[in-house]
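Please read the structure below before turning to the comments.
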Amino acid sequence: MHMIWKLLWLFLIYSFAGWVLETVLASLKQKKFANRGIINGPFCLIYGFGGFFITAFTRELTGIWLFLGCAIVASLLEWIAGHLIEMWYHERWWDYRKIKWNLDGYICVPVSIVWGVLGAATMRWGAPVLVRVFRMLPR
Numbered sequence: 024m025h026m027i028w029k030l031l032w033l034f035l036i037y038s039f040a041g042w043v044l045e046t047v048l049a050s051l052k053q054k055k056f057a058n059r060g061i062i063n064g065p066f067c068l069i070y071g072f073g074g075f076f077i078t079a080f081t082r083e084l085t086g087i088w089l090f091l092g093c094a095i096v097a098s099l100l101e102w103i104a105g106h107l108i109e110m111w112y113h114e115r116w117w118d119y120r121k122i123k124w125n126l127d128g129y130i131c132v133p134v135s136i137v138w139g140v141l142g143a144a145t146m147r148w149g150a151p152v153l154v155r156v157f158r159m160l161p162r
């Protein structure tokens, strides 16, 4: 049960961190505040799910395998989410069709490399810090 709480907290923290990242990048690009959350509040759920699945599936990996695992997990999630969003909302929230080596315009190699780097960095340095913080929380 303790691991489930850790994963839930990681989901919430990664959702918030993803919202911050997406909102800052979009706001800089648009030169005005741009809320990038899918739900009311400061959360971007795809990052929460990404952090959850990356933690669940890559925590035993190291080095290049960690990078590749993170890139694959995040890209698969991004590809599925892109299709679901288009199916549910009849909108395309991101489009990589103009970028070389894309699949359905939802994922592409350059962005997958970014996800691999971010995921590996998070697993290497971010997640251990969060786990130490979780240990300090009262039960």
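Residue numbers for the sequence shown, in the numbering used here: 24 to 162.
Glycine included, each C-beta is placed from N, C-alpha and C at the ideal position.
### Query
For residue 107, which of helix, strand or coil comes out of DSSP?
The three-state secondary structure of residue 107, taken from DSSP, is helix.
### Message
With the cut-off set at 8 Å, would you say residue 102 and residue 127 are in Cβ contact?
### Response
Taking 8 Å as the Cβ cut-off, residue 102 and residue 127 qualify as a contacting pair.
### Query
Exposed or buried, residue 156, counting other C-beta atoms within 10 Å across all chains shown (16 or more means buried)?
Exposed, because fewer than 16 other Cβ atoms sit within 10 Å of the Cβ of residue 156.
#### Entry: Buried/exposed call for residue 64, threshold 16 Cβ in 10 Å
Exposed, since its Cβ has fewer than 16 Cβ neighbours within 10 Å.
### Simplified DSSP assignment, three categories, for residue 131
Looking at residue 131 - three-state DSSP - the assignment turns out to be strand.
### Message
Contact between the segment 44-57 and the segment 84-93 is defined here as three or more beta-carbon pairs at a separation below 8 Å; is this criterion met?
### Response
With the cut-off at 8 Å, the segment 44-57 and the segment 84-93 do not touch.
### Query
Terminal residues of the continuous alpha helix (DSSP H) containing residue 151?
Its alpha helix (DSSP H) spans residues 150-159.
#### Entry: Nearest candidate by alpha-carbon position, reference residue 33, set 54, 77, 56
With distances taken between Cα atoms, residue 33 lies closest to 77.
### Query
Cα separation between residue 112 and residue 105?
Using only the alpha carbons, I get a separation of about 10 Å.
### Task
Give a yes or no on whether the C-beta atoms belonging to residue 166 and residue 89 are separated by under 8 Å.
Outside the modelled stretch of the chain, which goes from 24 to 162, sits residue 166, for which no answer is possible.
### For residue 153 and residue 25, the rounded distance between their alpha carbons
Distance between the alpha carbons of residue 25 and residue 153: 14 Å.
### Query
Going along the chain, which unbroken runs of the alpha helix (DSSP H) with 4 or more residues stay wholly within the segment 57-85?
Annotation: the segment 57-85 contains the following complete segments of the alpha helix (DSSP H) (minimum length 4 residues), in chain order: 68-81.
### Message
So, at 6 Å on beta carbons, what are the nonlocal neighbours of residue 73 in its own chain, with the 5 sequence-adjacent residues on each side left out?
### Response
Cβ neighbours of residue 73 beyond the five flanking positions: 97, 100.
### Query
Going straight from the alpha carbon of residue 58 to that of residue 66, what length do you get?
So the alpha carbons of these two residues sit roughly 10 Å apart.
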